[in-house]
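Chains as they are written, first to last, in my numbering: chain A, 1 to 79; chain B, 80 to 227.
Here it is as structure tokens:
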């Protein structure tokens with residue numbers, strides 16, 4: 001089975017939404033700022049419900065916010 | 080370092096501090112009688128019964144001091160909610176803590192089987208309690224640092 005990793009565009013999407021802060025996004029989806037920071041860094045994979053809530057805030061489908069990419073041997077990821 | 084990481088460190092230090100100071104105080108009052116006398120059992124009963132409220136009150140005081148100092152130093156307020164990641168970390172840490180305490184409990188029972196005095200069993204039980212508590216905080220620190 002291919003090794004994959006959950007990636008996200010949250011940082012860019014926050015910037016595109018009037019430079020929304022991590023705290024503002026956290027308040028909007030009902031989590032702590034630290035959890036948003038951990039998701040952005042790829043350290044924590046959110047629950048499906050939280051992922052959908054974030055997508056709703058950005059007004060985008062889930063796959064535009066999160067992607068499940070293949071990991072190459074050198075640690076690079078494929079679209 | 081996040082608020083949760085700092086809180087775990089403070090809880091870790093306060094656990095060790097409270098139990099150590101309390102034990103040092105109480106060991107001076109250990110009854111000078113036969114190791115299997117009723118007095119010894121009564122002593123250990125009081126030891127654990129008093130440790131619980133003392134520990135709760137001391138932890139509350141230390142936590143209030145931590146919140147005040149943390150707010151002054153970082154201007155970061157305590158998170159008002161506990162989200163899914165917090166609960167996941169709490170569960171994982173509690174599981175580790177439970178395993179450690181169960182192992183300590185079994186060791187305490189083994190000490191009785193090996194005909195050790197009751198004081199040995201109580202010391203193992205109290206040590207297991209302290210160890211499980213501190214490992215709970217260390218595990219929380221590790222999981223928050225790692226991400227989950």
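We put the CB at the ideal spot given by N, CA and C, even for glycine. Please read all numbers here as calculations on a predicted model, not as lab measurements.
**Study point:** Contact set between residue 38 (chain A) and chain B, taken where Cβ atoms lie within less than 8 Å
**Key:** Going along chain B in sequence order, the residues near residue 38 (chain A) (Cβ under 8 Å) are 164, 226, 227.
Point to revise | residue 225 (chain B) - DSSP class collapsed to helix/strand/coil | key: DSSP places residue 225 (chain B) in helix when its eight states are reduced to three.
Point to revise | Straight-line gap, residue 216 (chain B) to residue 67 (chain A) (C-alpha atoms, nearest Å) | key: Straight through space, the alpha carbons of residue 67 (chain A) and residue 216 (chain B) are spaced by roughly 33 Å.
Practice item. Write down the C-beta distance between residue 123 (chain B) and residue 201 (chain B) rounded to the nearest angstrom, noting that I regard them as a contact closer than 8 Å. Key: In this structure residue 123 (chain B) is in contact with residue 201 (chain B), their Cβ atoms being roughly 4 Å apart against a cut-off of 8 Å.
Check your understanding: At a CB-CB cut-off below 8 Å, which residues of chain B make contact with residue 31 (chain A)?
Key -> Those within 8 Å of residue 31 (chain A) in chain B are 160, 162, 163, 164.
Check your understanding: What is the rounded straight-line gap between the Cα of residue 97 (chain B) and the Cα of residue 27 (chain A)?
Key -> C-alpha separation (whole angstroms): 36 Å.
Review point. The segment 96 to 108 of chain B: which residues have C-beta closer than 7 Å to a C-beta of chain A, in chain order?
Key: Here the close residues number zero.
Point to revise | Any chain A beta carbon closer than 8 Å to residue 172 (chain B) | key: So, not an interface residue.
Exercise for review: Have a look at the DSSP bridge pairing and note the partners of residue 53 (chain A).
Suggested key: Bridge partners of residue 53 (chain A): none, in fact.
**Study point:** Exposure label - residue 46 (chain A); buried when at least 16 CB within 10 Å
**Key:** Burial call: buried.
Exercise for review: Compare the C-beta of residue 47 (chain A) with all C-beta atoms of chain B and state if any pair is closer than 8 Å.
Suggested key: Yes - at least one Cβ of chain B is within 8 Å of the one on residue 47 (chain A).
Check your understanding: Just the Cα atoms here: how many angstroms apart are residue 79 (chain A) and residue 89 (chain B)?
Key -> The predicted position of residue 79 (chain A) is uncertain, since its pLDDT is 47 and thus under 50; a value taken from the coordinates is nonetheless stated next. Here the C-alpha atom of residue 79 (chain A) lies approximately 43 Å from the C-alpha atom of residue 89 (chain B).
Exercise for review: Starting from residue 22 (chain A), find everything on chain B with Cβ-Cβ shorter than 9 Å and list it in chain order.
Suggested key: Within chain B, no C-beta atom comes less than 9 Å from the C-beta of residue 22 (chain A); the nearest is roughly 12 Å away.
Point to revise | Cutoff 8 Å: residue 44 (chain A) Cβ touching any chain B Cβ | key: Interface with chain B (8 Å Cβ-Cβ cutoff): residue 44 (chain A) is included.
Exercise for review: Give a yes or no on whether 8 Å exceeds the smallest Cβ distance from residue 83 (chain B) to chain A.
Suggested key: So yes, residue 83 (chain B) belongs to the interface.
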